[in-house]
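Q: Take a look at this one; I'll ask things after.
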Amino acid sequence: MAESGFDPIKESLRRMRLVEESRSPELDLSGLGLSEWPDELDQALSRLVWLEELDLGIYFGREAFTNSLSVIPTALTKLSQLASLNLLNADVSYFSALSDLLRLTSLDLSGTDVSDVRHLTGLSQLTTLGLSETGVRDVSALSGLSQLTSLDLSG
Numbered sequence: 022m023a024e025s026g027f028d029p030i031k032e033s034l035r036r037m038r039l040v041e042e043s044r045s046p047e048l049d050l051s052g053l054g055l056s057e058w059p060d061e062l063d064q065a066l067s068r069l070v071w072l073e074e075l076d077l078g079i080y081f082g083r084e085a086f087t088n089s090l091s092v093i094p095t096a097l098t099k100l101s102q103l104a105s106l107n108l109l110n111a112d113v114s115y116f117s118a119l120s121d122l123l124r125l126t127s128l129d130l131s132g133t134d135v136s137d138v139r140h141l142t143g144l145s146q147l148t149t150l151g152l153s154e155t156g157v158r159d160v161s162a163l164s165g166l167s168q169l170t171s172l173d174l175s176g
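In structure tokens form, the structure reads like this:
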């Protein structure tokens, strides 16, 4: 928790509650400075089964903090409607849960520690993939993604 009294977990839960009450298809948890993903966040996220867009990346606004989650939350596997996932600079290094997100059309892993894209081969709906400033050098595993129209490997 920051000295200002800001608690990223409480703020995440607040935002999830608002999305749950409004049934919004979008959840923005970007730039909160999450360094852990406790069970209470996983439980709250798993209730948002209608979610179509999730942003766990960095927010380029005032007082943004990088989310430093070593693994992708397991609750993501329950979000069967998820079409867009932003992990831009999210400091995530373990990505296997992504293989379960079969409706993803847009995925941004730019600035993360991803180096192997084999776990993405089953994401047949993917049209946009951001891999800039990552350790990815070989994208041949993605050759079967026939819907992929935008691949960013810059940086």
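Just so we're aligned, residue 22 is where the sequence shown starts under this note's numbering, counting upward by one. For each residue, glycine too, the CB sits at the ideal point set by N, CA and C. Since this is a predicted model, take the numbers as computed values, not measurements.
Less than 7 Å between the C-beta atoms of residue 98 and residue 133, yes or no?
A: Along the sequence shown, read from residue 1 onward, the residue named residue 98 stands at position 77. Along the sequence shown, read from residue 1 onward, the residue named residue 133 stands at position 112. Their beta carbons are not under 7 Å apart, which means residue 98 does not touch residue 133 by this criterion.
Q: Return the chain-ordered list of same chain residues with a C-beta closer than 7 Å to the C-beta of residue 53, the five sequence neighbours on each side being excluded.
A: Against the sequence shown, residue 53 aligns to sequence position 32. Here the set comprises 29, 32, 33, 86, 88.
Q: Under DSSP, the alpha helix (DSSP H) around residue 60 begins and ends at which residues?
A: What you label residue 60 is simply residue 39 of the sequence shown in a count that begins at 1. Residues 60–67.
Q: The beta strand (DSSP E) that contains residue 106, what's its start and end?
A: Here the question's residue 106 lines up with position 85 in the sequence shown. Where residue 106 is concerned, the enclosing beta strand (DSSP E) stretches over 105–107.
Q: Mind checking whether residue 111 and residue 73 have CB atoms under 7 Å apart?
A: Numbered from 1 along the sequence shown, position 90 holds the residue referred to as residue 111. Numbered from 1 along the sequence shown, position 52 holds the residue referred to as residue 73. Not closer than 7 Å, so no.
Q: State the start and end residues of the unbroken beta strand (DSSP E) segment that holds residue 47.
A: Here the question's residue 47 lines up with position 26 in the sequence shown. Per DSSP, residue 47 belongs to the beta strand (DSSP E) from 47–49.
Q: For the putative contact between residue 146 and residue 119, defined by C-beta atoms under 8 Å, what is the C-beta separation to the nearest angstrom?
A: Against the sequence shown, residue 146 aligns to sequence position 125. Against the sequence shown, residue 119 aligns to sequence position 98. Not really, about 13 Å apart at Cβ, beyond 8 Å.
Q: Where does residue 151 sit, in a helix, a strand or coil, going by DSSP?
A: Within the sequence shown, residue 151 is the residue found at index 130, counting from 1. Here residue 151 sits in strand by DSSP.
Q: Starting from the C-beta of residue 76, find all residues in its chain whose C-beta is less than 6 Å away, skip the five residues before and the five after it, and write them out in chain order.
A: Along the sequence shown, read from residue 1 onward, the residue named residue 76 stands at position 55. If we look at residue 76 and ignore the five residues flanking it on each side, its Cβ neighbours are 49, 51, 107.
Q: In the DSSP assignment, find the unbroken beta strand (DSSP E) run with residue 74 in it and report its ends.
A: In the sequence shown, the residue the question calls residue 74 occupies position 53. First-last of the beta strand (DSSP E) with residue 74: 74–76.
Q: Can you grab the Cα-Cα spacing for the pair residue 64 / residue 153, in whole Å?
A: Position 43 of the sequence shown, counted from the start, is the residue given in the question as residue 64. Position 132 of the sequence shown, counted from the start, is the residue given in the question as residue 153. In this structure, the straight-line span from the alpha carbon of residue 64 to that of residue 153 is close to 31 Å.
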